[in-house]
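From first to last, the protein sequence lines stand for chains A and B. Using this note's numbering, the letters of the first sequence map in sequence onto residues 516 to 628. Using this note's numbering, the letters of the second sequence map in sequence onto residues 2 to 114. Glycine included, every Cβ here is placed at the ideal spot set by N, Cα and C. As the structure is a computational prediction, the values presented were derived from the model and not from experiment. Quick notes on the structure that follows.
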Amino acid sequence: SQTIHQWPATLVQPVGSPLSLECTVEGTSNPNLYWYRQAAGRGLQLLFYSVGIGQISSEVPQNLSASRPQDRQFILSSKKLLLSDSGFYLCAWSVLRENTEAFFGQGTRLTVV
Amino acid sequence: GDSVTQMEGPVTLSEEAFLTINCTYTATGYPSLFWYVQYPGEGLQLLLKATKADDKGSNKGFEATYRKETTSFHLEKGSVQVSDSAVYFCALRERGSQGNLIFGKGTKLSVKP
Numbered sequence: 516s517q518t519i520h521q522w523p524a525t526l527v528q529p530v531g532s533p534l535s536l537e538c539t540v541e542g543t544s545n546p547n548l549y550w551y552r553q554a555a556g557r558g559l560q561l562l563f564y565s566v567g568i569g570q571i572s573s574e575v576p577q578n579l580s581a582s583r584p585q586d587r588q589f590i591l592s593s594k595k596l597l598l599s600d601s602g603f604y605l606c607a608w609s610v611l612r613e614n615t616e617a618f619f620g621q622g623t624r625l626t627v628v
Numbered sequence: 002g003d004s005v006t007q008m009e010g011p012v013t014l015s016e017e018a019f020l021t022i023n024c025t026y027t028a029t030g031y032p033s034l035f036w037y038v039q040y041p042g043e044g045l046q047l048l049l050k051a052t053k054a055d056d057k058g059s060n061k062g063f064e065a066t067y068r069k070e071t072t073s074f075h076l077e078k079g080s081v082q083v084s085d086s087a088v089y090f091c092a093l094r095e096r097g098s099q100g101n102l103i104f105g106k107g108t109k110l111s112v113k114p
């Protein structure tokens, strides 16, 4: 069966420090991968999605970047964190087949201080 | 563009009460529709889905019917339990897209004993 791992679960980082969140998927090949952010009182905002190795699409301009160095690995990064980067970050995967849902990791709670 | 609107919360109910969380959508095509649930501190889990008009998704006593004529996918449960306390998200997935899910802002449900 397929599983998705996301870490760390919680992170407290000072303003201006770098960020690296990692997500890996097991049990499937060539998944579509997504990074979402959930800010307090707001819904889920799609940040990046990837349909293959090295292919990244950004949905919103921001202080973050994403990379996909391997088929089942998706990394969210920042060179210098801002206070506004605080939030709950969720990685997800799906297959590109109609009617299928996305499967989510457990999330990372990032607090920038 | 496509969008999802769901009723704002929080919603507070007593145990065994009837639950309705409204969800309407705007889409150019014929999307698949989903309800996800997020328990405190966790990622999102798929609760149910429907892929075409008049389909009814159901799981754990929850139901939602895909109504194309009213562009709605309201979530219902006849008798809620304390363990149903969570945030509920309505979402759609466009056909032929990269699999991106578009979410509503979420509705927080609290069930009191």
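Any beta carbon of chain A sitting closer than 8 Å to that of residue i?
i, result
"B/Phe74", "no"
"B/Phe90", "yes"
"B/Lys113", "no"
"B/Lys50", "yes"
What does the Cβ neighbour count give for residue i, buried or exposed, with the cut at 16 atoms within 10 Å?
i, result
"A/Gly531", "exposed"
"B/Glu16", "exposed"
"A/Ser593", "buried"
"B/Lys78", "buried"
"A/Asp600", "buried"
Please list the partners that residue i has in chain B, where partner means a Cβ-to-Cβ separation under 7 Å.
i, result
"A/Phe619", "Gly44 and Leu45"
For a contact defined as C-beta to C-beta under 7 Å, what are the partners of residue i on chain A?
i, result
"B/Phe35", "Glu616"
"B/Phe104", "Gly558 and Leu559"
"B/Gly107", "Gly558"
The beta strand (DSSP E) that contains residue i, what's its start and end?
i, result
"B/Phe74", "Neither: B/Phe74 is in no beta strand (DSSP E) and is coded neither H nor E."
"B/Glu64", "Phe63 to Thr66"
"A/Thr615", "Unbroken run through A/Thr615: none, as it is neither H nor E."
"A/Asn547", "Asn547 to Gln553"
"B/Leu110", "Thr108 to Lys113"
Starting from the beta carbon of residue i, find every residue of chain B whose beta carbon is closer than 8 Å, and list them in chain order.
i, result
"A/Leu605", "Gly44 and Leu45"
Quick check: is the beta carbon of residue i nearer than 8 Å to any beta carbon in chain B?
i, result
"A/Gly567", "no"
"A/Gly622", "yes"
>> Can you confirm whether the region 613-624 of chain A touches the region 40-53 of chain B when touching is taken to mean that 3 or more C-beta pairs between the two stretches lie within less than 8 Å?
In response: yes
>> If contact is defined by three or more beta carbon pairs under 8 Å, each pair taking one atom from either stretch, is the region 594-610 of chain A in contact with the region 549-556 of chain A?
In response: yes
>> For the region 75-94 of chain B against the region 8-24 of chain B, do three or more pairs of beta-carbon atoms, one drawn from each stretch, fall closer than 8 Å, so that the two count as touching?
In response: The answer is yes - the region 8-24 of chain B touches the region 75-94 of chain B, with three or more Cβ pairs under 8 Å.
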